[in-house]
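Visitor: Chains as they are written, first to last, in this note's numbering: chain A, 1 to 379; chain B, 1001 to 1379; chain C, 2001 to 2379; chain D, 3001 to 3379.
Note that the Cβ used here is the ideal one computed from N, Cα and C, for glycine as well.
In this text the structure is predicted, and so the values were computed from the model without any measurement.
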C-alpha cells in the first residue's frame, strides 16, 4: 500500500502546488483536507481544484461552531490577548486545524501531515499541536523545504499540467477565520498606503466608517455572550453579527509591528471587530463583578493564556489548569455591558449585573450603590 | 429574649474571663464553643470550666477530619507556604473556626460572635472570614477592648468568683492544631535560650534528634497523600504519624522573624514536621510530572494562595478560582517520593510516577529516561 | 506658643470651613497651603479667601514642573495604569501634596497636617505618604470627623461670619491636575445624562469632537517625551499641548465603575487626553524596542507600579527598586510613534526607532526588515 | 592566512580529540583556551596537552575573581535559584566562558568558536551568549556533529598519535566551578548507590558529616557578603571558606530530577555548600529588611533572573533591567545572619540589621521590637 499524507488544503497557490510536489517527492497519496473556520472563501470549488491537482480525495469540513465554542470562547473568557492588546486570530485556529488533521490522518491511515504555514512561529505552533495530539505522526512543511519563489511555484505547476489559482501577485499574507483577519507583509515590500484601500474585511478605507455612533448591549450569561441588543443568538451568529455592526463603524482594525520571538515582524494589520468588542465587554463585566485580588489573578491568567495560545501549547495540562480556573470565575460573569461604537473607537458606557448580590454576601460592599447600579446603567 | 453571643472558647485565661466580661458588658447569654482542630489539649474539662465561668452552654466540636480534608489538603495541593517557605499553621485554622462559629450562631440565634485572637493580623483574618460568611453577624474581640494585663484579668475573674486556669505566666503565645504549632514572643521579653528547652511539640531540644536517619516513602494519589511507607492511612492519621516520625528526627522546626503586614514580629518558632515533609514531597512530585510552563503557573498560584490564606480571604471567589486550577493539576500528581530525614534536615532522595506516560502523549519527552525513572527510584 | 496645623487648602467649601473648625477644635493656628499641580483654577484669590476664613498665613506653591518631572514621568515610563487601563490622575498628585505639606510643616514648625480628602481610599493614600515622610507628624481629616452635610457646613461658616465660595450644589466630586480630571459621583444620585453635558474638561459633549482626524508624532528620547510633531517642548508644555489637541478629538475620556478596595465606586469619568496618548505611544515604542522576555517583565513592573501609586506606597524602597529598572529600560526607548486621533479613538499608525540597531548587537534580528522600518513608517 | 578557531579547552577526552578533528575538518588553526572558574583541576598540564594534540597555542586564563564578582554575586543578590531551590552552578559559568572566548577570538582574529558542551540546553545557553556578544562569530559544537562514542573518540585520537587523558570510563558528567559541582547521569545507566560514594566534592558519603553542629555568622554590607564569623574576606576566599565549612557538615548536597525544557533529565546531584548557605542567608536578611510588597517584587525578580540565567539570556537588556532593581534593593541589605549547620541541614537561628531604622522612617513599625532585635539576636 502506498504511503498517505494528509494535507491542510487552503486552495491557494502553495498548497495546490504542494499536492503534486508531495506526491512526487514522497511517492505518496495525498488526501486534501479543507477546514472551514469561517474564512469566508468559496470552499465548494476547492474540492475540484484539489482533485485536479492530483489529490486522491478532498474532504471539506465545517468546523465553525466547534471553533467558536471550544477555541474562541475559552480564550475570550480568559481575556487572552496577545501582549494584552491584540486578538489572537491566527494562533487560535491552529490547534483546531491540527486536531482535524490528526483525526483525518487516523481515519485515512496516513502517516504524515503536511501544511502550508510559512512563518516560522506559525509552523512551530501547528507542529507543536500535532505532536501533542499524536507524537507518532510526521509533520511536513513543503514550503520550508522546496524554497520556491511564487513564480517558480507557478512554473512547477505548469510543467506538470496542474491548474493553479490565478491569484494576483501580492506582497500580503492574509489569514482569515470567523474571529478576524490578519494581513501581514514584510518590511522591504511595504506599500503602506495600499492598506488604506479596499482589500480589507472592513470593506472600507480607514476613516470612512458610519457617521452616526451605534450603541450595542452585550449580554453575558456565565461568561458566554448570548445576546446582542437583547436578541439571543448562537455564538457563531453573534460573532458574525458583531463583525458586521462593529466593522461598519470602523471598530476592530489594529495595526501592529510585533517584535516576534524570532525577530521583529515587519507589520501586521489585524481586523477583528467582533473580537475587539467582545473582549472589551467581557473584561469590563468580569472586572465589575470581581474583587481586586481576583482581578489581579485573572490578569495573570490572561497573560499566561495568551502566551500559551501564541506558542501553540494549546493541548497541554497547562491549558487544562488555566481553563479550570477561568470556568470557575465565569460563574459570576453574568450581566450586560453597553458600548458605544464610533468611528474606530469602542467605549464602555454602561454596565449592569445581578450578580453583584452574590459578592455582597461574601465581602462587605456598599449595598446602596451596587443596587442603584443594577437598576439603570445608562451612566 | 436576651441577646446571645457565641464565644470561641479555648479554655485559657482570656477566653474564660471573657465569658463573664461579655455577659456583663453586653447583657447577653454566652454560648461557649470549643473547636477541636487537633490542638491536643484536654478538651473534656473545658465544658465544665466554661459553665463555671458563666456560659449558658458549651459545645465541643470535633472538626479534625474536616480541617484536614477541606483546609489543610487544598493548601498543601496548592503548595501554599508563607513567603514560599513557612507552613500556614494558624492562618489555616481561622476560616474553619469562623465557619463553625457562624453555624453555631445561626443554630443558637446569636447576633454576635466573640473570639480571643490577640494579634491584629490574626484578628483581621478571622473577622474577614466571618464577614464573608455572614455580614450580618457582629464580631467582638474582648481582648481588643478591655486592655487587661494578665494580672488584671486574673483579678477581674477573682472578684467575680470565676475559677480561672492556673496557667504559668509565660511570655509565649502558643497556637497549635493538627498541622503544627507556632510559638510567638515579643521582642523585649525574648529569653531566646529557653527555646532550646522542652516546651516544644518536638519534645526535645534542638539537636537532640534521633541519631540514625530515617527514610520515608510518601505515596500520593491525584494529589492526596494516601500512604506512608506503603501503609495506607486516612489524612488525619497520616499527618499525626508524620508528625511523630519527622519530629523524632528534628525535622520541621523553623525559626522566623517576619516583617508582618503591621510591622515586624519579634520572632516565631514554627514546629510543623508533617507539614514540612508533605509540602516538600508534594512540590517535588508535582514538579516531576509538570512541564516548565505549568510549573511556573503552579508557583504563581502557590504565591497567591498563601497570600489569600494569610490575609483571611479564604471564603472568596478568588479561592474558588485557584482551587479549580489546583484540583485540575492534581489529576497528574500520582506517585511516590522518597525522603531522607536526618537531624533537622529533610531531603528528597527518590521519585517515581506512573503518570510520566501521560505527559509523553502530549509533549515529546525522552521516553527512555522517563521509563527508567519509573522502574526504580532509589536515585 | 500656640500649636500650628498646616492645611491643604483647595479653596472649596469644605477646606474653607475646615480653617475655622480646626482652629476652634484644636486651639491652633492654621497655615493654609495651596499646591498648584495644574488644576487650572484661579488660585490667586484663594490667598484672600483663606485669610478671610481665619488662616494666619496662606502659601501658594507652583509645583507643576515638579509634578510633571518627578511624578508623572516616572509613572508614564513604568506604563503604570490602574487595572492596566486607566491613567492614575488623582493618586499621582497625592504624594507630591504630602511632600509639600511635610516641608511646609517643618518650616512652620507645625505638629499636624490636615487635608480635605473625602474618599477613604484617597485619605489612606495621602496619610500613608505623609507617614512615610515623617511619622512624627499627625494627620487630621476634618471631613472624616465632623460629619457635616454640605448645608451644615455652609451654616457652620455663616454662624462664624466666614465667607464661603458660592459653589453650586453638585453630586459630583471633581479632582483635576495637569495629568487630567476625574469626576466621581455616588450611585443613588447619578443623573447619568448630565455627563454628556458641558461640565467636562474636554469642553464638548460626547461625540461632538473635531470632524477631521489629526495625526500626531510623539518623539521620545530615552523614555522622555520631548517633541510633538517635531516641535520640542518642556514636559509641562507638552502635556498641556496634547491635552488640547487630543481633547479636541474627544480622545482621553474614559468611563469606569471600579470595584474599589472598599467596595464598588459608583462611577467615575476620567478625562486625561494627554495621559491616554502618551501612555499608548510610550508602551508601543517600548514594546517595539524590547525583546519578549523583557516586555513581559515590563508588564509585571507596570502592574506593581500602578498598585503602588494607587495604594499610596510612593515613598518606599519598593518604588526605588521599580524606578531603577524602569530607568534602565528607558535607555533604549528612543524613537517616534505616529498616532491617529479620530473622534474618541487613538490608534498607532507608525513607529520608528534608531535603537533597533542596539538590540541587533545583542540578539539576532532580521536586519533587513528592521532597517526598512527605520526609513519610513507611514505603515 | 589559515582560518582560526578558538576552542574552549577543558583538558578532557572530547575537547582534546576536538583539536585534531576541528583542524582536519575545517582546515583551521586551533587556539585552545582554558578558563579557570575555580574548577580546581590541575590546569598547568593542560597547556602541554593542548599543544601535543595539535593546538597552535593554549591560553590559560584565571577568571575566578571576575566570576565571583560579576556573575555569582549579582545572581546571589537576585536570589536566583533554579525552580526557586537549586543553585545555578553550570549555567552561571557559561556567559563568562562565552565572554572570554569572544575576547580571545577577537585578539586571535578567529572567525569561529568551538566548545564541548554536550547537553542541548547547555549548548543553546552558551551559543546564545556568544551570539549576543558577537553575532558575526560562528559557533561550532564538534560533539554535536561527529557522533563519536567514547571508544570511537579514543580510537580517533590514537590513529592520529594524539595522547588523550586516561580518564576512567564513567557514566557521570561532572561540571565544577567555584560555585559548586554538578554530577549528572542519564537514566538507563544510573547506578544510584555509587552516589553515596566518595566521588563528591563533599569528600564524604551522605551522612558521614561532622558530628557537632557549627554556627556561622554571615555579614553582608549592601548585599555583599564580606565576612564569615567576623573575619573579613574577599568574595572568592569567602566562597572557598564556606565550601569547606559547610561541606564538612554535609550541607549543600541536593539531588534533583529536573523536567528539562527538552524533557526530563535523568538525575543530577548538585553540591554547592557555599551557594546554599549564602543564598539562605541573603534571602533571610533581604526579607528581614523589606516590606511585604517589596519582598513580593523581589521574589518575582528572582524567578525571572533564574529563568534568564538558565536560558542563557545573560547578555541582554532584560538582565540590565533586573540588575538595576536588584542593586537598588541591596542598599538596605546590611546585617548579620546566624546559621546553624548540622548534618546536611542549614537553619537560620538569628538575624540582626542596623538598617531596620531606615525602614522605620518610611513605614510605621513597632519601634520597640525592632530595636530589641538589633541588640541581640541569639533567637
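Among residues of its own chain, excluding the 5 on either side of residue 2080 of chain C, which ones have a beta-carbon nearer than 7 Å to its beta-carbon?
Guide: The residues are 2088, 2302, 2305, 2306, 2309.
Visitor: Does residue 82 of chain A come within less than 7 Å of chain C when only Cβ atoms are used?
Guide: No, residue 82 of chain A lies away from the interface with chain C (no Cβ there is under 7 Å from its Cβ).
Visitor: Using a Cβ-Cβ cut-off of less than 9 Å, give me the residues of the region 322-339 of chain A that come near chain C, in sequence order.
Guide: If the cut-off is 9 Å between Cβ atoms, the region 322-339 of chain A has nothing near chain C.
Visitor: Look up residue 2071 of chain C in the DSSP assignment and say whether it is helix, strand or coil.
Guide: Helix, per DSSP.
Visitor: To the nearest angstrom, report how far apart residue 1326 of chain B and residue 284 of chain A are at their CA atoms.
Guide: In a straight line, the C-alpha of residue 1326 of chain B is about 26 Å away from that of residue 284 of chain A.
Visitor: Using a cut-off of 8 Å between C-beta atoms, extract the partners of residue 1057 of chain B located in chain D.
Guide: Here the premise fails: no neighbours, minimum Cβ distance about 39 Å.
Visitor: Run down chain C in chain order and give the residues with a C-beta less than 8 Å from the C-beta of residue 343 of chain A.
Guide: Ordered by position in chain C, the residues that pass the 8 Å Cβ test against residue 343 of chain A are 2342, 2343, 2344, 2345.
Visitor: Could you name the residues of chain G that residue 2010 of chain C contacts, counting a contact when the two beta carbons are closer than 7 Å?
Guide: Absent from the structure is chain G; the protein chains it does hold are A, B, C and D.
Visitor: Measure from the alpha carbon of residue 1078 of chain B to the alpha carbon of each residue in B:1222, B:1256, B:1101, then state which is nearest.
Guide: If we check each option's Cα against that of residue 1078 of chain B, B:1222 comes out closest.
Visitor: Whole angstroms is fine: what's the gap from residue 1091 of chain B's alpha carbon to residue 1033 of chain B's?
Guide: Cα-Cα distance, rounded: 19 Å.
Visitor: Which full runs of the beta strand (DSSP E) of 3+ residues lie inside the region 255-324 of chain A, going along the chain?
Guide: 267-271, all fully within the region 255-324 of chain A.
Visitor: Go ahead and pull the three-state DSSP assignment for residue 3182 of chain D.
Guide: Residue state, collapsed to three classes: strand.
Visitor: Can you list, in chain order, the residues of the region 2105-2134 of chain C whose Cβ is nearer than 7 Å to any Cβ on chain D?
Guide: Per Cβ criterion, the list reads 2131, 2132.
Visitor: Residue 2314 of chain C: which of C:2144, C:2273, C:2129 sits nearest, CA to CA?
Guide: Answer by Cα proximity: C:2129.
Visitor: At a Cβ threshold of 7 Å, is residue 2077 of chain C touching chain A?
Guide: No - not a single Cβ of chain A is within 7 Å of the one on residue 2077 of chain C.
Visitor: Taking 7 Å as the limit between beta carbons, can you name the residues of its chain near residue 3238 of chain D, skipping five residues before and five after?
Guide: If we look at residue 3238 of chain D and ignore the five residues flanking it on each side, its Cβ neighbours are 3225, 3228.
Visitor: Helix, strand or coil: which one does DSSP assign to residue 189 of chain A?
Guide: Any reading at residue 189 of chain A is ruled out, since the residue's pLDDT is 36, under 50, leaving its predicted position unreliable.
Visitor: For residue 1331 of chain B, I'd like the list of residues in its chain whose CB is within less than 7 Å of its CB, leaving aside the five on either flank, ordered along the chain.
Guide: So the qualifying residues of the chain are 1222.
Visitor: How would you list, in chain order, the residues of chain D whose beta-carbon sits under 8 Å from the beta-carbon of residue 1173 of chain B?
Guide: Correct list: empty, because the minimum Cβ distance to chain D is about 14 Å.
Visitor: Helix, strand or coil for residue 3219 of chain D per DSSP?
Guide: Three-state DSSP puts residue 3219 of chain D in a strand.
Visitor: Alpha carbon to alpha carbon, how far is residue 1006 of chain B from residue 1114 of chain B? Give it in angstroms, no decimals.
Guide: Straight-line Cα distance between these residues: approximately 6 Å.
Visitor: Residue 3029 of chain D: which of D:3011, D:3255, D:3050, D:3093 sits nearest, CA to CA?
Guide: The shortest C-alpha separation from residue 3029 of chain D is found at D:3050.
Visitor: Give a yes or no on whether the minimum CB-CB distance between residue 3317 of chain D and chain C is below 7 Å.
Guide: So yes, residue 3317 of chain D belongs to the interface.
Visitor: Does the CB of residue 3015 of chain D have a neighbour CB from chain C at under 7 Å?
Guide: So, not an interface residue.
Visitor: Using a Cβ cut-off of 7 Å, pull out every chain B residue sitting near residue 3348 of chain D, in sequence order please.
Guide: Ordered by position in chain B, the residues that pass the 7 Å Cβ test against residue 3348 of chain D are 1255.
Visitor: The beta strand (DSSP E) spanning residue 2008 of chain C covers which residue range?
Guide: Unbroken beta strand (DSSP E) run through residue 2008 of chain C: 2003-2008.
Visitor: How far does the beta strand (DSSP E) with residue 2347 of chain C in it reach, from first residue to last?
Guide: First-last of the beta strand (DSSP E) with residue 2347 of chain C: 2345-2352.
Visitor: Are residue 1011 of chain B and residue 1046 of chain B closer than 7 Å when you measure CB to CB?
Guide: A contact, by the Cβ cut-off of 7 Å.
Visitor: Do we get a CB-CB distance below 7 Å when we pair residue 1297 of chain B with the residues of chain A?
Guide: Yes, because at least one Cβ of chain A sits closer than 7 Å to the Cβ of residue 1297 of chain B.
Visitor: Identify whether residue 334 of chain A lies in helix, strand or coil by the three-state DSSP scheme.
Guide: It is coil, neither helix nor strand.
Visitor: Using CA coordinates, which residue listed in A:280, A:56, A:43, A:126 is at the minimum distance from residue 27 of chain A?
Guide: Here the closest residue by C-alpha is A:56.
Visitor: Does the ligand COA have a heavy atom nearer than 6 Å to the CB of residue 1235 of chain B?
Guide: This structure lacks the ligand COA; in fact it carries no ligand of any kind.
Visitor: Given a cut-off of 7 Å, decide if residue 53 of chain A and residue 162 of chain A are closer than it, judged by their beta-carbon atoms.
Guide: For residue 162 of chain A and residue 53 of chain A, yes; Cβs fall inside 7 Å.
Visitor: Going along the chain, which unbroken runs of the beta strand (DSSP E) with 3 or more residues stay wholly within the region 98-154 of chain A?
Guide: The qualifying runs are 112-114, 138-140.
Visitor: Under 7 Å between C-beta atoms, does residue 1070 of chain B make it to chain A?
Guide: Chain A contact via Cβ: absent.
Visitor: Using DSSP's beta-bridge definition, name the partner residues of residue 33 of chain A.
Guide: Answer is A:8, A:59, bridged to residue 33 of chain A.
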